[in-house]
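Those sequence lines, one after another, are chains A and B. Here the first sequence stands for residues 1 to 153, numbered as in our numbering. Here the second sequence stands for residues 154 to 306, numbered as in our numbering.
There are 2 protein chains.
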Amino acid sequence: MFTVDEVCEKLREGGKKITPQRRLIYQALEGKTNHPTAEKIYDEVRAIIPDISLATVYKTLRELVDSHYLLELKIDGESSRFDPRTDQHSHLKCIGTTLNAKGEAVTCLRLEDISVTFPQLQVPENDQRGYLIISNEVVFFGYCPDCQARMKN
Amino acid sequence: MFTVDEVCEKLREGGKKITPQRRLIYQALEGKTNHPTAEKIYDEVRAIIPDISLATVYKTLRELVDSHYLLELKIDGESSRFDPRTDQHSHLKCIGTTLNAKGEAVTCLRLEDISVTFPQLQVPENDQRGYLIISNEVVFFGYCPDCQARMKN
DNA sequence: TTCGCTGCAAAGGGTTTGCATATTG
DNA sequence: CAATATGCAAACCCTTTGCAGCGAA
C-alpha cells in the first residue's frame, strides 16, 4: 500500500525521473482496492493529461510491478489487473453476467481483496509427485450484491 | 476423461461431422494428464497431417470446451492449457526457471492434476461483502523433481 | 447433394518494443 | 548537459473470424 511520495522518493533514489505522467499514474493507484486494468488507469489519467500514451501507462505499471510496489493479477485469462496491496492476500471474483446490446454475455468485473491466505492447505500425499510446495493461491468465485439483485428480477 | 469414440458419437448425434483432423485432435487429448497447449496439440497432429491449420485446432478445442468434454485452464496469464479431466479438481504448477540462450528466464511449464477440491474453504466474515460464494479455485506452486535437481547444481 | 468443415489470411485484443524527440535532475 | 521518459507506430503473441472451396453423411 504505497503512497505517491514514497514511490517517487524510492524511484528517484534509483536514478529514475519523476514525470507528471508517472505521478498521476501512481495517484490513480494509491489506496485503491478496485484492481484497475491498464485501460482504466489510462482513462483516468487521460482526463488530466489528454495525450498521454497507453504505452507510457504500461511501462510505468511494469516498473512498479518489477519493483514490488504493485501486484499484477492474472486471473482467469482476463487482462491484467493491478493491486497496490502487495502483502499476501486472496481474492474474490464476481462471476455474474449481463447481456450487452448484441446479446453477448458480459461478465461483471468486480474483484475484491480478502485479507487472509491459506498456508495450512496441503496437497494430498498421493498427488505430491515429488514436488517441493512453496505456496498456493486461492480465488473465490461468487455473485456480488448487485448481480444477486439483478438475478432476482 | 472422454474416449475418442464417445466424443465422435456424441458430436455426430449433434449433427457434427467427424473429420480425420478432429479425430486426431481428440486422440492427442485422450487420457492425457500433461495439459497441452493448442500449439502442442498442433505439433502433435501435424506430425501426421502436415498441413492441418492451427485455426482448425483452435476451433476443435473450443467446441470440446463448449460441450464440456474439455476444461480450459487459464492460469497465471499463460496461454490456455487443455485438460480432458473435467471433474472438479485442483492443480499444482512448477515455478522453476531456466535461462535460455539469450539469458532470459524460461519457466518450467509442468502442471499436474490434484484430485481433491477444497469445498470447506471459507471467506472470512468481514471480507464477505455481501457476496454469495459459489466456488473456489486452488492452485499450488512449487518445484518439480527435475527443477529441484537442477537447483542443487 | 447438402451442410458442415477445412485452410488460409486477415483481424482482434492486450501488451511490449524501437526510436526520435522532449524533459528531468 | 546527460540520461531517462515520452508518444507514436509497429511488432508481438495468442486466439478468433470470414470466406471460398472441400469433404462427410
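Just so it is clear, CB atoms sit at the ideal spot from N, CA and C, and this is done for glycine as well. What you are looking at is a predicted structure, and each value in this text was computed from that prediction instead of being measured.
For the beta strand (DSSP E) containing residue i, name the first residue and the last one.
| i | result |
| --- | --- |
| residue 300 (chain B) | It is not in any beta strand (DSSP E) - residue 300 (chain B) instead sits in the alpha helix (DSSP H) that spans 298-304. |
| residue 55 (chain A) | From DSSP, residue 55 (chain A) is part of no beta strand (DSSP E) but of the alpha helix (DSSP H) over 54-66. |
| residue 81 (chain A) | 81-83 |
| residue 266 (chain B) | 264-267 |
| residue 260 (chain B) | 258-260 |
| residue 252 (chain B) | 250-252 |
| residue 72 (chain A) | 71-73 |
By the 10 Å Cβ neighbour count, where 16 or more other Cβ atoms means buried, how is residue i classified, buried or exposed?
| i | result |
| --- | --- |
| residue 159 (chain A) | What the structure shows of chain A is the stretch from 1 to 153, and residue 159 (chain A) is not part of that stretch, so it cannot be assessed. |
| residue 283 (chain B) | exposed |
| residue 167 (chain B) | exposed |
| residue 19 (chain A) | exposed |
| residue 189 (chain B) | buried |
| residue 186 (chain B) | exposed |
| residue 289 (chain B) | buried |
By Cβ distance below 7 Å, which residues in the same chain neighbour residue i in space, the five residues on each side in sequence not counted?
| i | result |
| --- | --- |
| residue 263 (chain B) | 247, 297 |
| residue 58 (chain A) | 38 |
| residue 156 (chain B) | 183 |
| residue 24 (chain A) | 45, 48, 49 |
| residue 180 (chain B) | 157 |
| residue 234 (chain B) | 188, 189, 190, 226, 264 |
| residue 56 (chain A) | 21 |
| residue 286 (chain B) | 276 |
What is the residue span of the alpha helix (DSSP H) that residue i lies within?
| i | result |
| --- | --- |
| residue 40 (chain A) | 38-46 |
| residue 10 (chain A) | 4-13 |
| residue 25 (chain A) | 20-29 |
| residue 93 (chain A) | Premise fails: residue 93 (chain A) lies in the beta strand (DSSP E), 90-94, not in any alpha helix (DSSP H). |
For residue i, which residues from the same chain have a beta carbon less than 6 Å from its beta carbon, with the 5 sequence-adjacent residues on both sides left out?
| i | result |
| --- | --- |
| residue 92 (chain A) | 112, 114, 140 |
| residue 71 (chain A) | 83, 86 |
| residue 222 (chain B) | 155, 160 |
| residue 310 (chain B) | Given a span of 154 to 306 for chain B in the structure shown, any question on residue 310 (chain B) remains unanswerable. |
| residue 64 (chain A) | 70 |
Ignore the nearest five residues each way along the sequence and tell me which others in residue i's own chain have a CB closer than 8 Å to its CB.
| i | result |
| --- | --- |
| residue 241 (chain B) | 270 |
| residue 258 (chain B) | 250, 251, 252 |
| residue 228 (chain B) | 234, 244, 246, 264, 292 |
| residue 232 (chain B) | 190, 191, 192 |
| residue 195 (chain B) | 205, 207, 210 |
| residue 105 (chain B) | Since the first residue shown for chain B is 154 and the last is 306, residue 105 (chain B) is missing from the structure and cannot be characterised. |
| residue 126 (chain A) | none |
Would you say the beta carbon of residue i is closer than 7 Å to some non-hydrogen atom of the ligand PLP?
| i | result |
| --- | --- |
| residue 139 (chain A) | This structure simply doesn't include the ligand PLP, nor any ligand for that matter. |
Exercise. Looking at chain B, which residues of the stretch 120-137 of chain A have a Cβ within less than 7 Å of any of its Cβ atoms?
Worked result: 121, 123, 124, 127, 129, 130, 131, 132, 133, 134, 135, 136, 137
Problem set entry | the stretch 250-262 of chain B contacting the stretch 114-123 of chain A, beta-carbon criterion three pairs below 8 Å | no
Exercise. Along the stretch 292-303 of chain B, what residues have a CB closer than 7 Å to any CB found in chain A?
Worked result: 292, 293, 294, 295, 296, 297, 298, 301
For this session: Report yes or no: do the stretch 281-299 of chain B and the stretch 157-167 of chain B share at least 3 C-beta pairs separated by less than 8 Å?
Result: no
For this session: Could you name the residues of the stretch 197-224 of chain B whose beta carbon sits closer than 9 Å to any beta carbon of chain A, in the order they occur along the chain?
Result: none
Problem set entry | the stretch 251-271 of chain B: positions lying closer than 7 Å to chain A by Cβ | 265, 267, 268, 269, 271
For this session: Mind checking the stretch 26-42 of chain A against chain B and listing, in chain order, the residues whose C-beta falls within less than 8 Å of any C-beta there?
Result: none
Exercise. Can you list, in chain order, the residues of the stretch 228-240 of chain B whose Cβ is nearer than 9 Å to any Cβ on chain A?
Worked result: 228, 229, 230, 231, 233
Exercise. Of the residues that make up the stretch 158-172 of chain B, which ones have a beta carbon closer than 7 Å to any beta carbon in chain A?
Worked result: none
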